Amino acid sequence: MTLYDKYIKVEQAIAKGMNRWSIPAIRISFAIIFIWFGILKPFDVSSAEALLKATVAWLPFGTPEFWLVVIGWWEVAIGVTFLFPKTTKIAIILLFTQMVGTFMPLFFLPQVTFQNGNILTPTMEGQYIIKNVMIISAALVLGGRYYKGKE
């Protein structure tokens, strides 16, 4: 066996391990992020509270405080449903619904999410929102893997 063959064998073993653990890692990551960040909101200890309240202030019913609690528990539900393969569909629906609201400040509060209105220079809040593109991508991977086995 050549050195190259040994390298390929090691590479394949690593890839097999990554394949085996990637989906559980995504599920656990979603659970940690959504349960942790979500539970902060109903207890008024979220650093995203001001941004969230400013984003929902225009809604025709409910106070910003009401929406803070609702969105917090919604996020906890997202995290919990990602833990179980049988609730993957529910988790993805909840996540994509939540993401619509998550991106709203980019459009409704550009003075908060971009420096001097320049979309190339997001503020910390803007970066916090834009990084959700990766969360959406991970949800697509998870959903694609889930549905792949159902064909």
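In terms of my numbering, the sequence shown opens at residue 932 and continues consecutively.
From the three backbone atoms N, C-alpha and C, an ideal C-beta is built for every residue, glycine too.
Computed from a prediction, not measured in an experiment: that's the story for all the values here.
Alpha-carbon spacing of residue i relative to residue j, whole angstroms
i, j, result
"VAL1011", "ILE966", "7 angstroms"
"LYS940", "LEU990", "57 angstroms"
"ASP975", "ALA946", "43 angstroms"
"GLU996", "ALA956", "33 angstroms"
"LEU934", "GLN943", "14 angstroms"
"MET1030", "LYS937", "45 angstroms"
"ARG958", "PHE1034", "22 angstroms"
"PHE1015", "ARG951", "16 angstroms"
"ALA981", "GLY948", "42 angstroms"
"LYS1062", "THR1028", "17 angstroms"
"TRP1004", "MET932", "56 angstroms"
"PHE992", "LYS984", "13 angstroms"
"ILE1024", "GLY1075", "13 angstroms"
"THR994", "ILE1050", "30 angstroms"
Short Cβ contact (8 angstroms threshold) for residue i with residue j
i, j, result
"THR1054", "VAL1064", "no"
"PHE968", "PHE1013", "no"
"ILE1002", "PRO1036", "no"
"GLY1057", "PHE1045", "yes"
"ILE1009", "ALA988", "no"
"ILE970", "VAL1007", "yes"
"GLY1048", "PRO1041", "yes"
Cβ separation of residue i and residue j, assumed to be a contact under 8 angstroms, to the nearest whole Å
i, j, result
"ILE954", "LEU1073", "6 angstroms"
"LEU999", "LYS1017", "Actually they do not touch by this definition, with Cβ atoms about 30 angstroms apart."
"LEU1026", "ALA1070", "5 angstroms"
"THR986", "TYR1077", "Actually they are not in contact, since the Cβ atoms of THR986 and TYR1077 sit about 30 angstroms apart, beyond 8 angstroms."
The ligand MN heavy atom lying under 7 angstroms from the CB of residue i
i, result
"ALA979", "In the structure on display, the ligand MN does not appear, and there are no ligands present to speak of."
Beta-bridge partners of residue i, as assigned by DSSP
i, result
"PHE1045", "PRO1053"
**OP:** Please specify which runs of the alpha helix (DSSP H), each continuous and at least 4 residues long, are wholly inside the stretch 956-992, giving them in chain order.
**Re:** 980-987
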